[in-house]
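>
Numbering (the working numbering), first residue to last: 1 to 804.
Here's what the structure looks like:
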């Protein structure tokens, strides 16, 4: 009994030695009850190896046990008037306890795993000598225990534990959560008042515990404190805290309480489940992580009544292949969904929205979710399927796809606009526009480049038909016969767009989108149009945002029609920016000298001199097919006013301080007004190495715009081909033209200094190059920037060079 009550090993071993030697001074509880406390302690101390500390512990444990039993007997008599005397023979035929299987009794009374496993193995073959507690009672405790001693791997310690459990149950002293259906009880008279709230659940749980036990349970389940921490607060050992916790849970584990607690669990099943998971399934790993987040009163009730959270879920949920599900589910459907998911990486490019894959997965959404838990080949993030785990790069792709669909209706949109929305709504501080371009280029099956008009994304609202998506994606092969069949489908989105452009000729994208929407009658969403136009070879970009059929590319009437759409600022802006970036004039058939003449005349008539002067700056007016007098007029305007003045989203900015047309000044203007930061720099980097603006200007511009970080400036300065120089030398070569403000150079130096400790020899070498470049003779330094050189000397030589 001492072992069952949670006594320390020291007490249990001392009692066992005394019993074997026949020196136990007290043989039963009834004998102990007749002794005074000091007499009992004195008798226990007489046993060999049993000191005062052990005697006090044993005496206190027996006192608390009897007090608990007296309290429970009183409650039982109040609740069940038929039990009026505590002197009834527990093994008599009139006992109020029900007959239960011994294995069931062990399972629900906290028996040791050693005893339960031994009996469970024997029950399978050859079978237990006694299977129920009534059979045990009829045989008698001594005879029944002798039969169990014949079971292999069942020693005297396990036999004693079995005897205590069964006798305690028959006497009504052992708390047992399993209430058999054969128990004769008055269901119209509940054991406790109905639990309607969390507060009432707490009242029921702590109704039989004293203040110390309630405090320890709250520390364990509410504050998640360890036994050691609680023991230090209470001034006892961790072993004693474990015993008190076990005793308190045993008090809660009362059959009359259990019935009401289980009723509370039934009524609040959905809310308890939602505390563990916001999905219809729950993996075992999630159980371990979310269980501590349950209300501590529910956690105490689960631990007391069921022993563990998994036992609790076994009564309220269904287990499918190691995953708990809220409702019953078909295992065959789960296996089918799993097979389909594992075949996706072989048959299709990922990531891909769930809405765009086979309809079987959509029909069995719950099965899909469970199958995803059982495979590592495919994962799900924000309703998009990914290959392998959801890494940061893959999550960025999905987040970008959602930004396109939510804010731009699938597109098209310029990269700088998408990037601004992305960094505003997604926690990804290190992402740059270039990173988004890389992501979209890698996933060109869900992102489409719409020429100079921007990018679009395959929509999530109404998917493109699978056969058209296969035809649109050049990376996916399709049989010629299947392609002919697709092309012949008159109702396909592709053929609807072809028919529209044949009737009306080249159109701006927005007009195509609007017209297609009217004809499609909501069969497809607007974002689907961008996906088809951007990837099918039948369509051609005649100018920024103006799309026609490839078959009409060189027809003069079509070119004239396209020119009618060019007379607007939205066309002039991208033309100037792309000319600055070095793109060839003949990329689109409507671009060139004729379009420039049309724009120049129109801008003059509209009074938009800022765009007119910018256009003249990037145009070769000598090649315009106009009269000699008109050519001279344009050239005189170019000589007098030709400068870069237009800027995306900054139409009214004044460029008074810049009077030259070179590319560095344009980039500086972009940087000051934050209008074309990265995208302008990217266009410059895209030029050929032998371009007039390469070398020092390129690298200097990258530093000016903040595109080059300190750790890669040195590397970039040494990868420009044969004309490469250390980066600071390149900056100094451009210094005489007052291209770089001293604040920008100083910032570059400071960035390098801050990065030097973590970037190693690369940044260190950059600092050395910088220091050496200061010794180069330059009027720009000596005549106008002597104080700046001193600042650099102090900054670089003292802080960096010495450290290196």
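Just so you know, even glycine gets a beta-carbon here, dropped at the ideal spot from N, CA and C. None of the values given here were measured: they were computed from a predicted structure.
#1: Once you ignore the five residues that flank residue 145 on each side, which residues in its own chain have a CB closer than 8 Å to its CB?
#2: Work out the CA separation of residue 510 and residue 867 for me, nearest whole Å.
#3: What is the DSSP secondary structure of residue 132, reduced to helix, strand or coil?
#4: Identify, in the order they occur along the chain, each residue of the same chain with its Cβ nearer than 7 Å to the Cβ of residue 436, setting aside the five sequence neighbours on each side.
#5: How about residue 213 and residue 8: do their beta carbons lie closer than 8 Å?
#6: Please tell me whether residue 635 and residue 615 are closer than 8 Å, where the distance is taken between their beta carbons.
#7: So, residue 351 versus residue 446, is the Cβ gap smaller than 8 Å?
#8: Would residue 42 pass as a contact of residue 10 if the rule is Cβ separation under 8 Å?
#9: What whole-angstrom Cβ distance do residue 217 and residue 245 have, given they're in contact under 8 Å?
#10: In the DSSP output, which residue or residues are listed as bridge partners for residue 40?
#11: DSSP beta-bridge partners for residue 413?
#12: Check the C-beta distance from residue 354 over to residue 378 and give it rounded, since I have them as a contact under 8 Å.
#13: Let me see if you follow: with CB-CB separation under 8 Å, is residue 63 close to chain D or not?
#14: How many Å lie between residue 272 and residue 106 at the Cα?
#15: In terms of DSSP beta bridges, what is residue 539 paired with?
#16: Looking only at its chain, what residues have a beta carbon closer than 7 Å to the beta carbon of residue 128, apart from the 5 residues adjacent to it on each side?
#17: With C-beta atoms as the reference, is residue 205 less than 8 Å away from residue 302?
#18: Within this structure, are the beta carbons of residue 457 and residue 405 separated by less than 8 Å?
#19: Determine whether the beta carbon atoms of residue 45 and residue 51 lie at a separation below 8 Å.
#20: Secondary structure at residue 571, three-state DSSP: helix, strand or coil?
#21: Whole angstroms is fine: what's the gap from residue 599's alpha carbon to residue 564's?
#22: Can you name, in chain order, every residue of its own chain whose Cβ lies under 6 Å from the Cβ of residue 84, other than the five neighbours on each side?
#23: Taking the beta strand (DSSP E) that residue 169 belongs to, which residues open and close that run?
#24: So, residue 621 versus residue 608, is the Cβ gap smaller than 8 Å?
#25: Among 136, 116, 141 and 265, which one has its Cα closest to the Cα of residue 99?
#26: Since residue 17 and residue 49 are thought to touch, with beta carbons under 8 Å apart, how far apart are those beta carbons, to the nearest angstrom?
#27: Compute the beta-carbon to beta-carbon distance between residue 808 and residue 543, rounded to the nearest angstrom, for a pair I have assumed lies under 8 Å.
#28: How far does the alpha helix (DSSP H) with residue 615 in it reach, from first residue to last?
#29: What are the boundary residues of the beta strand (DSSP E) that includes residue 387?
#30: Helix, strand or coil, according to DSSP, for residue 433 in the structure here?
#31: Could you name the residues that DSSP lists as bridge partners for residue 380?
#32: Cα separation between residue 602 and residue 387?
#33: Once you ignore the five residues that flank residue 500 on each side, which residues in its own chain have a CB closer than 6 Å to its CB?
#34: Apply the 10 Å Cβ neighbour rule to residue 306 and answer buried if 16 or more other Cβ atoms are within range, or exposed otherwise.
This is what the structure holds:
#1: Same-chain partners within the cutoff: 159, 162 and 163.
#2: Absent from the structure is residue 867, since the part of the chain shown begins at 1 and ends at 804.
#3: In this structure, DSSP gives residue 132 an extended state, which the three-state scheme calls strand.
#4: Short of 7 Å from the beta carbon of residue 436, and not among the five residues preceding or following it, lie these beta carbons of its own chain, in chain order: 400, 415, 418, 419 and 422.
#5: Against a cut-off of 8 Å, the Cβ pair of residue 8 and residue 213 comes out as no contact.
#6: Result no, Cβ atoms of residue 635 and residue 615 do not sit closer than 8 Å.
#7: In contact: residue 351 and residue 446 (Cβ atoms closer than 8 Å).
#8: No Cβ-Cβ contact shorter than 8 Å links residue 42 with residue 10.
#9: Rounded, the Cβ-Cβ distance is 7 Å, consistent with contact.
#10: Bridge partners of residue 40 according to DSSP: none are assigned.
#11: Per DSSP, 455.
#12: About 11 Å separates the two Cβ atoms, so there is no contact after all.
#13: Although the question refers to chain D, the structure presented lacks it and comprises just one protein chain.
#14: Their Cα atoms are separated by approximately 28 Å.
#15: Residue pairing of residue 539 in beta bridges, as defined by DSSP: 549.
#16: The answer, listed in chain order, is 102, 119 and 122.
#17: Cβ atoms of residue 205 and residue 302: not closer than 8 Å.
#18: Their beta carbons are under 8 Å apart, which means residue 457 touches residue 405 by this criterion.
#19: Yes, the pair counts as a contact, with Cβ atoms nearer than the cut-off.
#20: In the structure shown, residue 571 sits in a helix (DSSP, three-state: H, G or I).
#21: Their Cα atoms are separated by approximately 11 Å.
#22: For residue 84, the predicted structure reports a pLDDT of 34, less than 50, and the residue's modelled location is therefore unreliable. The matter cannot be settled from this model.
#23: Segment 156-170 is the alpha helix (DSSP H) holding residue 169; no beta strand (DSSP E) there.
#24: Not a contact, by the Cβ cut-off of 8 Å.
#25: Of the listed residues, the one whose Cα sits closest to residue 99 is 136.
#26: About 7 Å; that satisfies the 8 Å criterion.
#27: Here the chain comprises residues numbered 1 to 804, so residue 808 is not present and cannot be evaluated.
#28: 609-618 is the extent of the alpha helix (DSSP H) around residue 615.
#29: Secondary structure note for residue 387: its beta strand (DSSP E) is the uninterrupted segment 384-387.
#30: Correct three-state label for residue 433: helix.
#31: Partner(s): 385.
#32: If you take the alpha carbons of residue 602 and residue 387, they lie about 52 Å apart.
#33: The beta carbon of residue 500 sits closer than 6 Å to the beta carbons of 515 from its chain, once the five residues preceding and following it are set aside; these are given in chain order.
#34: Note on residue 306: 16 or more other CB atoms within 10 angstroms of its CB, so buried under the neighbour-count rule.
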